[in-house]
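Residue numbers (the numbering used here): 102 to 270.
For each residue, glycine too, the CB sits at the ideal point set by N, CA and C.
Keep in mind it's a predicted model, so treat the numbers as computed, not measured.
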Amino acid sequence: MGRFKNKVLARLLTRFPALLDRFIEKTEAISVSGIPWTPVKKPLKDSVVALVTTAGVHLKSQKPFDMLDKDGDPTYREIPSATPLSEYMITHDYYDHADADRDLNIVFPIERLREMEARGEIKGLAKANYSFMGHIDGRHIATLIRKTAPEVAGLLKRESVDVALLTPG
């Protein structure tokens with residue numbers, strides 16, 4: 102019943118965004134000191150680019166994100182860039198992803214980046230991209246901030262990724 106409720110709520114909030122505004126007003130903000138930003142240091146044509154999404158994208162062969170935990174799922178999925186588009190799927194009940202199910206590039210523009218690489222507009226696509234579930238709340242916020250997000254940042258750094266393109270769900 103929980104997943105059905107989540108999907109109905111996502112469709113309602115898509116159609117009536119004022120309802121979402123009410124929810125957001127009641128949500129406690131997280132304070133961050135400083136600006137979490139690193140300026141681009143070289144031209145895009147000389148840069149390795151990775152995708153990082155909160156759209157709940159993963160491979161069909163991977164464990165889906167946990168949709169039964171009301172606080173979300175703070176884990177991530179590593180997605181190899183060479184994976185055929187037919188092997189991707191979305192498990193995320195907190196937004197209406199019907200359009201993204203028809204064209205994954207709406208939330209995970211892997212084909213657009215492959216085209217940019219082929220045209221020489223980017224140096225290359227990272228070997229691995231990363232996906233999170235965007236609905237993280239309660240006890241999982243600390244896990245995301247202290248564990249999984251830093252792990253992914255470290256993996257991107259080890260692969261010498263110059264630019265991470267962040268896409269929401």
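Distance check for residue j and residue i, CA to CA, integer angstroms please.
{"i": "residue 233", "j": "residue 133", "result": "20 angstroms"}
{"i": "residue 206", "j": "residue 231", "result": "14 angstroms"}
{"i": "residue 141", "j": "residue 105", "result": "42 angstroms"}
{"i": "residue 126", "j": "residue 267", "result": "24 angstroms"}
{"i": "residue 222", "j": "residue 216", "result": "9 angstroms"}
{"i": "residue 254", "j": "residue 220", "result": "27 angstroms"}
Just verifying my parser: in three-state terms, what is the DSSP assignment at residue i?
{"i": "residue 151", "result": "strand"}
{"i": "residue 180", "result": "strand"}
{"i": "residue 119", "result": "helix"}
{"i": "residue 166", "result": "coil"}
{"i": "residue 232", "result": "strand"}
{"i": "residue 237", "result": "strand"}
{"i": "residue 262", "result": "coil"}
{"i": "residue 133", "result": "coil"}
{"i": "residue 253", "result": "helix"}
{"i": "residue 199", "result": "helix"}
{"i": "residue 268", "result": "strand"}
Restricting to Cα atoms, I'd like to know which of the options is closest to residue i.
{"i": "residue 145", "options": "224, 119, 266", "result": "224"}
{"i": "residue 276", "options": "168, 216, 203, 263", "result": "Lying before the first or after the last residue shown, residue 276 is absent from the chain, which here runs from 102 to 270."}
{"i": "residue 129", "options": "153, 238, 266, 159", "result": "238"}
{"i": "residue 195", "options": "258, 151, 235", "result": "235"}
{"i": "residue 249", "options": "131, 220, 178, 143", "result": "178"}
Would you say residue i and residue j are within 8 angstroms of each other, going by their C-beta atoms?
{"i": "residue 251", "j": "residue 155", "result": "no"}
{"i": "residue 229", "j": "residue 153", "result": "no"}
{"i": "residue 160", "j": "residue 184", "result": "yes"}
{"i": "residue 158", "j": "residue 262", "result": "no"}
{"i": "residue 162", "j": "residue 226", "result": "no"}
{"i": "residue 303", "j": "residue 119", "result": "Shown here, the chain extends from 102 to 270; a query on residue 303 therefore has no answer."}
If we define contact as Cβ-Cβ less than 8 angstroms, is residue i a contact residue for chain D?
{"i": "residue 236", "result": "Of the chains in the structure shown, none is chain D; there is only one protein chain."}
Kindly confirm or deny that the segment 182 to 192 and the segment 211 to 229 touch, where touching means at least three C-beta pairs closer than 8 angstroms. yes
Three or more C-beta pairs closer than 8 angstroms, one from the segment 237 to 250 and one from the segment 170 to 184: is that the case here? With the cut-off at 8 angstroms, the segment 237 to 250 and the segment 170 to 184 touch.
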